[in-house]
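S.K.: Under full-length UniProt numbering, think of the first position of the sequence shown as 1, with each following residue one higher.
There's a structure below that I have some questions on.
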Amino acid sequence: MSKLSLRLRIFLFFCLLALGGTVLTLGALYAGHSRALASTPANGFVFAGILASFGLVALTTGVWLLFDENVAKPIERLSGQLRARAHAGAGLQVDTDAARYLGDLAPAASAITAALSDSAVSTAERIAVETERLAAEKARLTALLTEIPVATLLVNADDQIVLYDGQAAEVLAQQAVPRLNAPLADYFDPASLRAARSALMKCGKEISRTLKGLDGQQTYDARMKPTEGGGYMMIIDAAHIEISPEAARPLVYDFDLMQGRSGAKLDETPLSALTFTVFDTETTGLLPHKDEIVQIGAVRVVNGRIVEGEKIDQLVDPGRPIPPASTKVHKVTDAMVAGQPNIARAGRLFHGFARDSVIVAHNAPFDMAFLQRHKGRMGVVWDHPILDTVLLSAVLFGASETHTLDALCERLGVTIPEPLRHTALGDARATAEVLVRMLPMLKARGLDTFGEVIRETRRHGRLLEDLN
């Protein structure tokens, strides 16, 4: 059958449909005639009509199932694979066997994607030398800047962090986890910050000010120098920095953030302009109403890329023994969580890390249920907008596909290192990489804004509850 042309197969299929309908009709008429001879003609006609109707419904249902399984689903799967290769950079081969009843469509799609991939590789090889040189220069510049014994931050006109070096990260970490695009008011006393900002804008040149930390217990001697566009550079005295010589000193920046907030409503904000906090939890069991969190892992995505160094990898004391069956999965033991923060402290830490961002998780209702249950102890409100990669997968690949994290990683070419599998940070990182690959695919589908994506995911509410 697979050797016949696609058009001939479709023709034969409809011939079979016509033949089946004819046989059903004739059979119903024969049965009705037999009934009419045994009773009355009216009973025979009614019986024939009912029998023919049920037979045609059954035949139509069978035809639909065959078309859905052998035409609709393979086309949906093939389009998802093509989008993954075109927009997410996934290098997987097109599954031609799944679309074997679509004629030459799958082999042709495989051939053209392979040709485009070869072309892309050829182009990449031609610019690889220059890219390597630029990367080396960037690495040397980064190393040089991070060795300067001052803490440096670049801030935009909305008082959001655009750049911070390793020393600045140490200063910020004294108040909260360092975050790109975060408001300075998350780290410094807003009143002292406003006073310094006002003085800077008034004189238009470098000033020196003492800033209070957000905790009210620490002070920082800072110099502030205005930059173009209403932003400024902040340099904090080295006396406030305690960093070990062997500690990593990343230079974290995204100069696209100098433009500041767009001012658009969340529903109208482009996905590329959103900040995402991607997280995962490990727990004592699978029942959110009575089990507890033992580990929280989270990373941040800003301007469509994962921000290296900005993460949470926090063990949590559940206040109860961890069942051996759970430890076998996530490798978290009672000894590891002894003395670690309880859910109230760990939850507040994560809440601050996720401030002013869209929370992303794989099967978000499960993880969020644990956090919502303890919001009273944490003293916070979990009112963040939420995206679920399960629902995003249904939008991009169809509801009939498998939507596990492992399946998504395989589909999009994401590799989870074996030591990080079934750890909160490892799964959060994998989910973030999946999200980064999904963003251009969503845009290619015409889903540019957060509101458009949410409206589309709600169509798949039978898979998971929408939390927005």
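The beta-carbon is built from N, C-alpha and C at its ideal position, and this holds for glycine as well.
Closer than 7 Å by C-beta to Ala28: which residues in its own chain qualify, once you throw out the five before and the five after it? Chain order, please.
M.R.: Closer than 7 Å at the Cβ level, and outside the excluded window around Ala28, lie Ala48, Leu51, Ala52 and Gly55.
S.K.: Starting from the C-beta of Leu408, find all residues in its chain whose C-beta is less than 6 Å away, skip the five residues before and the five after it, and write them out in chain order.
M.R.: The answer, listed in chain order, is Ser393 and Val434.
S.K.: Less than 6 Å between C-beta atoms, sequence neighbours within five positions excluded: which residues of the same chain meet that for Leu163?
M.R.: Excluding residues within five positions, the ones whose Cβ falls inside 6 Å are Leu154 and Tyr253.
S.K.: If I follow the unbroken beta strand (DSSP E) through Lys311, where does it start and stop?
M.R.: Its beta strand (DSSP E) spans residues Arg305 to Leu315.
S.K.: Output the distance between the C-alpha atoms of Glu76 and Leu66, rounded to the nearest integer angstrom.
M.R.: Spanning the two alpha carbons is a distance of roughly 15 Å.
S.K.: Do the segment 343 to 355 and the segment 368 to 382 meet, that is, are 3 or more Cβ pairs less than 8 Å apart?
M.R.: In short, these stretches touch, since the Cβ pair count reaches three.
S.K.: Going by DSSP, name the residue or residues bridged to Gln295.
M.R.: According to DSSP, which records beta bridges pairwise, Gln295 is partnered with Glu282 and Leu315.
S.K.: Would you tell me roughly how many angstroms separate the C-alpha atoms of Ile161 and Gly309, rounded to the nearest one?
M.R.: Taking the straight line from one Cα to the other gives about 15 Å.
S.K.: Distance check for Asp367 and Ile416, CA to CA, integer angstroms please.
M.R.: Whole-angstrom Cα-Cα distance: 20 Å.
S.K.: Cβ-heavy atom distance between Thr61 and the ligand GTP below 7 Å?
M.R.: Ligands displayed in this structure: none; no statement on the ligand GTP is therefore possible.
S.K.: So the candidates are His33, Leu24, Asn468 and Val57; which of them puts its Cα closest to the Cα of Leu266?
M.R.: Considering only alpha carbons, the answer is Asn468.
S.K.: For Ala298, count the other beta carbons within 10 Å of its own beta carbon; 16 or more makes it buried, fewer makes it exposed. Which is it?
M.R.: With 16 or more Cβ atoms within 10 Å of its Cβ, Ala298 is classed as buried.
S.K.: Please return the same chain residues whose Cβ sits closer than 8 Å to the Cβ of Ala354, not counting the five positions on each side in sequence.
M.R.: Once the five neighbours on either side are set aside, the close Cβ partners of Ala354 are Thr277, Phe279, Ala298 and His384.
S.K.: Let me check one thing: in DSSP terms, what residues is Met234 bridge-paired to?
M.R.: Its beta-bridge partners are Leu153 and Met224.
S.K.: Mind checking Asn43: buried by the 16 CB within 10 Å criterion, or exposed?
M.R.: Exposed, since its Cβ has fewer than 16 Cβ neighbours within 10 Å.
S.K.: Taking the straight line between their C-alpha atoms, what separation do you get for residue 486 and His330?
M.R.: The requested residue 486 does not occur in the structure, where the chain is confined to residues 1 to 468.
S.K.: Throw me the rounded Cβ distance for the Asp159 and Leu200 pair, which I believe falls under 8 Å.
M.R.: 11 Å between Cβ atoms; not a contact.
S.K.: Here's a check: name, in chain order, each residue in its chain whose Cβ is nearer than 8 Å to the Cβ of Ala196, leaving out the five neighbours to either side.
M.R.: If we look at Ala196 and ignore the five residues flanking it on each side, its Cβ neighbours are Ile207, Arg209, Leu211, Ala222 and Met224.
S.K.: Excluding five sequence neighbours on each side, which residues of the same chain lie with their C-beta closer than 8 Å to the C-beta of Gly464?
M.R.: For clarity, residue 464 is Leu in the given sequence; the question names Gly instead. Cβ within range, chain order: Asn363, Ala364, Pro365, Asp388, Val390 and Leu391.
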